[in-house]
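These protein sequence lines map, in sequence, to chains U and G. Numbering follows this note's numbering, in which position 88 of the first sequence is assigned residue number 88; successive positions increment by one, without gaps. Numbering follows this note's numbering, in which position 82 of the second sequence is assigned residue number 82; successive positions increment by one, without gaps. First the structure, in the form of structure tokens, and then the observations on it.
Protein chains: 2
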Amino acid sequence: MPKIVDPEERRASVAAAVWRVVRRSGLDGVSVRTVAAEAGLSPGSLRHYFATQAEVLAFAMQLVLDRVRARVEAVEPDPDTATAVRRVIEELLPLDAERRAEAEVWLAFTTRAQVDPALRALRDASYDALESVCGQLTDALLPDHPGREAEVERLYALIDGLVLHAVMRPDRATPALMRAVVDRHLTELTR
Amino acid sequence: MPKIVDPEERRASVAAAVWRVVRRSGLDGVSVRTVAAEAGLSPGSLRHYFATQAEVLAFAMQLVLDRVRARVEAVEPDPDTATAVRRVIEELLPLDAERRAEAEVWLAFTTRAQVDPALRALRDASYDALESVCGQLTDALLPDHPGREAEVERLYALIDGLVLHAVMRPDRATPALMRAVVDRHLTELTR
DNA sequence: AGTGATTTGGTACGACTGTGCCAGAAAAAC
DNA sequence: GTTTTTCTGGCACAGTCGTACCAAATCACT
């Protein structure tokens, strides 16, 4: 195993350590010491890559949002509009273990953003971006649709609700059920 | 102003203090001292009503869930099915400042339930109850509907997504927009 | 009024927090 | 080979955390 020397990779590995701690103990369990231990670093060394703990949190959250954005952007287009829309939506849903873990971390950060201005800025930006995506999906399915705003919010709320449920009750909100819900919604929209 | 002497009222006022602290500083800001100060008590006195801090949190969360349940149960029935369904849904949504505050607290506790077994039990029970409510609403609108499970989850996810958005972005997810979304959804279901 | 139970305020303890700081190791530059 | 920079580990500090404990105050009841 090659040693990680690139500072940016080191920061990324710290972020991954943050994610693991968040999943195990929640965002409250994230301290300088727990993260350092999880990343295999000493607290003093950790401080060399991140000046403050707030910087650690902001970086770890930003990386989550970046991953979601990258996945959505990487969706290959499809001649069939409904198929293209479905693919984008399914990239936003935690349909496998990795993305469910990602969603858990997202929820933790999103909730803390409620009382942390720095994280709130990140959250609001990603909220706007996702709302825009949902707007594009809606326009693709229903061009010049009256009541567009409500239709966009309906899709966005449905997606976030599914994500929330998959995090809270993965035994209930299974990938199969989430797909069925999306199927039904898209079928109704294109009818 | 009469003095509060009833122990149960005292506990409720402590829970209210917890809610205020949660809204101001998040669930992390809830400590024995901050809650005691917010409730106008000394830490030692607080411990006389709650043996542990975990008990304080469980009680405060339970009271939130009780309020939601009481509101849903208090919905007066209506001969028109669609109207009755809409009324129940609108009781679940944070359409005014008070219920939005309630939703903020709910989100904080729900997120912590992810890593706190005691709170998780409360959350899971209320999740099941709300899922059951959504099932009844769905059955009322669409009796003997094929794919009932997906339809129920679609409604439940939509509601929770709207709640989540109202908490995160009250400027975007306004009461008017939420009503419009629900309107559109119900119109589509009954079509 | 007196007695026993309840309620209150406050202190103390060990554990944990973020951050500041520094000496030594490792690496890089010359 | 020497110097300079980067990196690492660890200690110290002030502060907060939950909880245990206790004496004083207040209350209820005879």
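All C-beta atoms, glycine included, are put in the ideal place defined by N, C-alpha and C. Since the model is a prediction, treat every value here as computed from it, not as a measurement.
Once DSSP output is grouped into helix, strand and coil, what is the label at residue i?
i                      : result
residue 51 of chain G  : coil
residue 95 of chain G  : coil
residue 174 of chain G : coil
residue 83 of chain U  : helix
residue 150 of chain U : helix
residue 73 of chain U  : helix
residue 45 of chain U  : helix
residue 258 of chain U : Residue 258 of chain U lies beyond the residue range present for chain U, which begins at 1 and ends at 191; the question has no answer from this structure.
residue 169 of chain U : coil
residue 26 of chain G  : coil
residue 13 of chain G  : helix
residue 142 of chain U : coil
residue 124 of chain U : helix
residue 105 of chain G : helix
residue 62 of chain G  : helix
residue 132 of chain U : helix
residue 40 of chain U  : coil
residue 116 of chain G : coil
residue 180 of chain G : helix
residue 193 of chain G : There is no way to answer for residue 193 of chain G, as the model of chain G reaches only from 1 to 191.
residue 160 of chain G : helix
So, does the CB of residue i fall closer than 7 angstroms to a CB anywhere in chain G?
i                      : result
residue 111 of chain U : yes
residue 150 of chain U : yes
residue 69 of chain U  : no
residue 107 of chain U : yes
residue 184 of chain U : yes
Roughly how far, in whole angstroms, is the beta-carbon of residue i from the beta-carbon of residue j, given that I think they are within contact range, below 8 angstroms?
i                      : j                      : result
residue 150 of chain U : residue 177 of chain G : 6 angstroms
residue 61 of chain G  : residue 119 of chain G : 6 angstroms
residue 122 of chain U : residue 65 of chain U  : 6 angstroms
residue 153 of chain G : residue 173 of chain U : 7 angstroms
residue 165 of chain G : residue 157 of chain U : 6 angstroms
Mind listing the chain U neighbours of residue i? Cutoff is C-beta to C-beta under 7 angstroms, in chain order.
i                      : result
residue 115 of chain G : 25 and 26
What residues from chain G crowd round residue i, counting only those whose CB sits closer than 9 angstroms?
i                     : result
residue 89 of chain U : Near residue 89 of chain U there are no residues of chain G at all, since even the closest Cβ is about 12 angstroms away, more than 9 angstroms.
Please list the partners that residue i has in chain G, where partner means a Cβ-to-Cβ separation under 7 angstroms.
i                      : result
residue 181 of chain U : 150, 153, 154 and 157
residue 65 of chain U  : Those within 7 angstroms of residue 65 of chain U in chain G number zero; the least Cβ separation is about 14 angstroms.
I'd like to know whether the C-beta of residue i is nearer than 7 angstroms to at least one C-beta of chain U.
i                      : result
residue 160 of chain G : yes
residue 48 of chain G  : no
residue 4 of chain G   : Below a pLDDT of 50, predicted positions are generally treated as unreliable, and residue 4 of chain G, at 45, falls in that range; the measurement from the model is reported next regardless. Closer than 7 angstroms: no.
residue 93 of chain G  : no
residue 137 of chain G : no
residue 188 of chain G : yes
residue 57 of chain G  : no
residue 164 of chain G : yes
Give me the chain U residues within the contact set of residue i, using Cβ-Cβ distance strictly less than 8 angstroms, ordered along the chain.
i                      : result
residue 145 of chain G : None at all; the shortest Cβ gap to chain U is about 11 angstroms.
residue 169 of chain G : 124 and 127
residue 177 of chain G : 149, 150 and 153
Below 9 angstroms on C-beta distance, what does residue i contact in chain U?
i                      : result
residue 192 of chain G : Since the displayed chain G opens at 1 and closes at 191, residue 192 of chain G lies outside it and no answer follows.
residue 104 of chain G : 114
For a contact defined as C-beta to C-beta under 8 angstroms, what are the partners of residue i on chain G?
i                      : result
residue 173 of chain U : 153 and 157
Determine, using beta-carbon pairs with one atom in the segment 23-31 of chain G and one in the segment 104-113 of chain G, whether at least three such pairs fall under 8 angstroms.
yes
Spell out a yes or no on whether the segment 68-77 of chain G and the segment 42-52 of chain G are touching, meaning 3 or more CB-CB pairs, one atom from each, closer than 8 angstroms.
Not touching, per the Cβ criterion.
Counting Cβ pairs closer than 8 angstroms, one from the segment 128-140 of chain G and one from the segment 125-135 of chain U, do we hit at least three?
no
Would you call the segment 27-47 of chain U in contact with the segment 75-89 of chain U, where contact means no fewer than 3 C-beta pairs closer than 8 angstroms?
no
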